Amino acid sequence: MKARLSKWRLFSVVAMLALVLSGCGEPFLSTLQPAGEVAQTQYDLMILATLIMVLVIIVVMVVYMVAIVRFRRKKGDTKIPKQVEGSHTLEIVWTVIPIILLLILAVPTVTATFQLADTKAMDKKDKDGNREALVVNVRANLYWWEFEYPDEKIITSQDLVVPTDQKVYFNVTASDVKHSFWIPAAGGKIDTNVDGVNKFFLEFDGKKAEEAGGLFYGKCAELCGPSHALMDFKVKALPKEEFTAWVEDMKNAGEPKPTSDLAQQGQEIFSKKCLSCHAVSPQDGRPESARLAPNLSNFGERSRIAGVLDHNKEELKNWISDPEQYKPGNKMTGTYGNLQEDEIDALAEYLMGLKVQD
49 MKARLSKWRL FSVVAMLALV LSGCGEPFLS TLQPAGEVAQ TQYDLMILAT
99 LIMVLVIIVV MVVYMVAIVR FRRKKGDTKI PKQVEGSHTL EIVWTVIPII
149 LLLILAVPTV TATFQLADTK AMDKKDKDGN REALVVNVRA NLYWWEFEYP
199 DEKIITSQDL VVPTDQKVYF NVTASDVKHS FWIPAAGGKI DTNVDGVNKF
249 FLEFDGKKAE EAGGLFYGKC AELCGPSHAL MDFKVKALPK EEFTAWVEDM
299 KNAGEPKPTS DLAQQGQEIF SKKCLSCHAV SPQDGRPESA RLAPNLSNFG
349 ERSRIAGVLD HNKEELKNWI SDPEQYKPGN KMTGTYGNLQ EDEIDALAEY
399 LMGLKVQD
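For the sequence shown, the numbering used here assigns the number 49 to the initial residue and increments by one for each residue that follows.
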């Protein structure tokens, strides 16, 4: 009996710890620490729904306990409590109250749904014919992300760069199978389909971005294959001035120049074996169907390799040597032929030097 009681105590402690830890999260990753207008709206709706459910549970439990205590049959007591049947008052109460609770939840939910689905602003243009809003085309691939800024005519991969305190509108699609675009701290997920384009907007709060070090994490939220869990991307949220400077640097970026003899060898290898799929210029003019692999123009500035590995030369060499080990099912595996150790070293040297901003 004591052993069983001890197990129940241990189970209770573990359950309480799990409940407490479920509310923990980093500012760059947690939906419980909203970092923008959309995330805050969705968080408020979640809190409202939770409060309503907790209120209902408390009321039901109170009524239940009162019924148990007050009408508990006592020893020797054969009296039957007064039976209440067909009470119009009770029927009205338990019909009206749920309707009121549903309205309290439904009205703000429906209102927010229409507000968050309003993307008309992305089509507005000024007197010169320029679009007023910032628009980013997101294309999901197995297992990487492409971000195209159509008005700025630049393309990046794996790192999404956005300004803070400004609505950013997205056109999201997929090139192979269904994926789902999700930045937990900024807003809910949205599907990326191969047969259509979904539109929505996000806004990144400047103060919250500063707390997160200007970096948020994004993920694929739709099971898409063996490396679904590794389909990550990073979001760099910059103040407007810094974002404008980044755009100008990307627009004016020239052809990368190797900084050493080893990097020069790497560039030659890249031109022969990698350039048919990858690009090293943010002004990639190829059609979407020809962009088969991530744009590497600012590869040396990224914070991760392949979205999941530490950004250093050794991890890059590991990735080039055996990408299947780190992302099973990726399209890079086996497409470039076997490389010798010295070729991999030269290629890694060249790629780590690809930078747009010093």
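Quick reminder that beta carbons are idealized off the backbone N, C-alpha and C, glycines included. Please read these numbers as outputs of a predicted model, since none were measured by experiment.
Residue(s) in a DSSP beta bridge with residue i
i      : result
His326 : Partner(s): none; His326 has no beta bridge.
Ile140 : DSSP lists no partner for Ile140.
Lys267 : Trp230, Asp280
Phe249 : Tyr217
Ala188 : Trp193, Ala222
Ser205 : Glu194
Lys173 : Arg179
Pro211 : Leu286
Thr240 : His227
DSSP state of residue i mapped onto helix, strand, coil
i      : result
Asn343 : strand
Arg352 : strand
Ser308 : coil
Asp358 : strand
Ala285 : strand
Gly235 : strand
Thr157 : helix
Leu387 : coil
Leu65  : helix
Thr167 : coil
Thr79  : coil
Leu402 : coil
Gly254 : helix
Ala438 : No answer is possible for residue 438: it lies beyond the span of the chain, which begins at 49 and ends at 406.
Thr292 : helix
Gly261 : coil
Thr381 : coil
Asp92  : helix
Asn366 : helix
Lys321 : helix
Glu200 : coil
Ala394 : helix
Lys299 : helix
Thr98  : helix
Val104 : helix
Arg121 : coil
With 16 other Cβ atoms within 10 Å as the buried cut-off, status of residue i
i      : result
Glu196 : buried
Thr221 : buried
Lys168 : exposed
Val404 : buried
Leu304 : Rather than Leu, the amino acid found at residue 304 in this sequence is Pro. Result: buried.
Glu289 : exposed
Asp171 : exposed
Leu151 : exposed
Phe119 : exposed
Ala285 : buried
Asp332 : buried
Ser228 : buried
Asn178 : exposed
Glu251 : buried
Ala407 : Limits of the chain in this structure are 49 at one end and 406 at the other, which puts residue 407 out of reach.
Ser337 : exposed
Phe318 : buried
Glu372 : exposed
Asp253 : buried
Lys267 : buried
Leu190 : buried
Asn346 : buried
Ala293 : exposed
Ile105 : exposed
Gly134 : exposed
Gln131 : exposed
Ala188 : buried
Ser275 : buried
Gln315 : buried
Leu399 : buried
Glu389 : exposed
Contact belief for residue i with residue j at Cβ below 8 Å, rounded distance in angstroms
i      : j      : result
Thr204 : Pro330 : 7 Å
Ala341 : Lys365 : About 18 Å; that fails the 8 Å criterion.
Asp207 : Phe281 : 7 Å
Ala234 : Ala97  : Not a contact, Cβ separation roughly 20 Å.
Ala269 : Lys237 : 4 Å
Leu58  : Pro156 : About 41 Å; that fails the 8 Å criterion.
Lys375 : Leu278 : 5 Å
Leu310 : Ala257 : That belief does not hold up - the Cβ atoms of Leu310 and Ala257 are roughly 37 Å apart, past 8 Å.
Leu402 : Leu344 : 6 Å
Leu164 : Val86  : 6 Å
His359 : Ile353 : 6 Å
Checklist entry - Between the segment 104 to 117 and the segment 255 to 265, do three or more beta carbon pairs fall short of 8 Å? => result As far as the Cβ criterion goes, the segment 104 to 117 does not touch the segment 255 to 265, which means the pair count is below three.
Checklist entry - Taking three-plus beta-carbon pairs below 8 Å as touching, is the segment 177 to 188 in contact with the segment 307 to 326? => result Output reads no: the segment 307 to 326 does not touch the segment 177 to 188.
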